[in-house]
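Chemist: Residue numbers (this note's numbering): 178 to 326.
Note that beta-carbon positions come from the ideal geometry of N, C-alpha and C, so glycine has one too.
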């Protein structure tokens, strides 16, 4: 699933019954707040009590964006879940620090590290497996250069 508004893109990277991993790219501000809340709210309504947000490509987040994160956190806590942030950049880290919000958002360097903080039964497969080709055969993982002996 991939959804997009003017300057914000949200892609679902992995999911299981209890958890979804979403990549949030672009700008989280007043113009994107309804889209952000509607998209993450739909994931929560689908039964996901834990959300891991890969915010590596989030280039801007203002106070309205922070309020969105706080709102989603509140919703997940009411369902005995968590909002976990992975790949928090300097700008978002500074915003969290300046507003006194650093301690309420668990932050991890990678999605994999964030998922390890959840019970094993609540974790989706990570990294996601390659999608099959149209004829049903498994696709090859992307090559990262030649394999040396």
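1. Can you have a look at residue 187 and say buried or exposed, based on whether 16 or more other CB atoms are within 10 angstroms of its CB?
2. Tell me, to the nearest whole angstrom, how far the beta carbon of residue 226 is from that of residue 253; I am working on the premise that it is less than 8 Å.
3. Assign residue 348 to one of two classes, buried (16 or more other C-beta atoms within 10 Å of its C-beta) or exposed (fewer than that).
4. Fully enclosed by the segment 208–260, which alpha helix (DSSP H) runs are 4 residues long or longer?
5. Where does residue 306 fall in DSSP's three states?
6. So, helix, strand or coil for residue 192, using DSSP?
7. Rounded to whole angstroms, what's the CA-CA distance from residue 280 to residue 286? Just pull it up for me.
8. Quick one: grab the DSSP three-state call for residue 202.
9. Under a three-way DSSP split, which group does residue 284 fall into?
10. Does DSSP put residue 295 in a helix, a strand or coil?
11. Our contact map puts residue 203 next to residue 232 with C-beta atoms below 8 Å; I'd like the distance itself, whole angstroms only.
12. Whole-angstrom Cβ separation of residue 192 and residue 301, contact assumed at under 8 Å?
13. Whose C-alpha, out of 269, 256, 295, 195, is nearest the C-alpha of residue 246?
14. State buried or exposed for residue 224, treating a residue as buried only when at least 16 other CB atoms are found within 10 Å of its CB.
Modeler: On the basis of the data shown:
1. Residue numbering aside, residue 187 sits at position 10 when the chain shown is read from its first letter. Residue 187 is buried by the Cβ-count criterion.
2. Reading the chain shown from its first residue, position 49 is the one you call residue 226. Reading the chain shown from its first residue, position 76 is the one you call residue 253. Yes, residue 226 and residue 253 are in contact; Cβ-Cβ is about 6 Å, under 8 Å.
3. A query on residue 348 cannot be resolved here, the shown segment of the chain reaching from 178 to 326 and no further.
4. 210–222, 240–255
5. Start at 1 with the first residue of the chain shown, and residue 306 comes out as number 129. Residue state, collapsed to three classes: coil.
6. In the chain shown, counting from the first residue as 1, residue 192 sits at position 15. It is a strand residue.
7. Taking the chain shown and counting its residues from 1, the one referred to as residue 280 is at position 103. Taking the chain shown and counting its residues from 1, the one referred to as residue 286 is at position 109. Near 15 Å, if we compare the C-alpha coordinates of residue 286 and residue 280.
8. Locating residue 202 in the chain shown gives position 25, where the first residue counts as 1. Correct three-state label for residue 202: strand.
9. Stepping through the chain shown from its first residue, residue 284 is reached at position 107. Residue 284 falls in the strand class under three-state DSSP.
10. Here residue 295 is taken as the residue at index 118 of the chain shown, counted from 1. Residue state, collapsed to three classes: coil.
11. Locating residue 203 in the chain shown gives position 26, where the first residue counts as 1. Locating residue 232 in the chain shown gives position 55, where the first residue counts as 1. About 10 Å; that fails the 8 Å criterion.
12. Locating residue 192 in the chain shown gives position 15, counting from the first residue. Locating residue 301 in the chain shown gives position 124, counting from the first residue. At roughly 5 Å, the Cβ-Cβ gap stays under 8 Å, so residue 192 and residue 301 are in contact.
13. Numbered from its first residue, the chain shown carries residue 246 at position 69. It is 269.
14. Here residue 224 refers to the residue found at position 47 when the chain shown is read from its first residue. The residue in question, residue 224, is exposed, as its Cβ has fewer than 16 Cβ neighbours within 10 Å.
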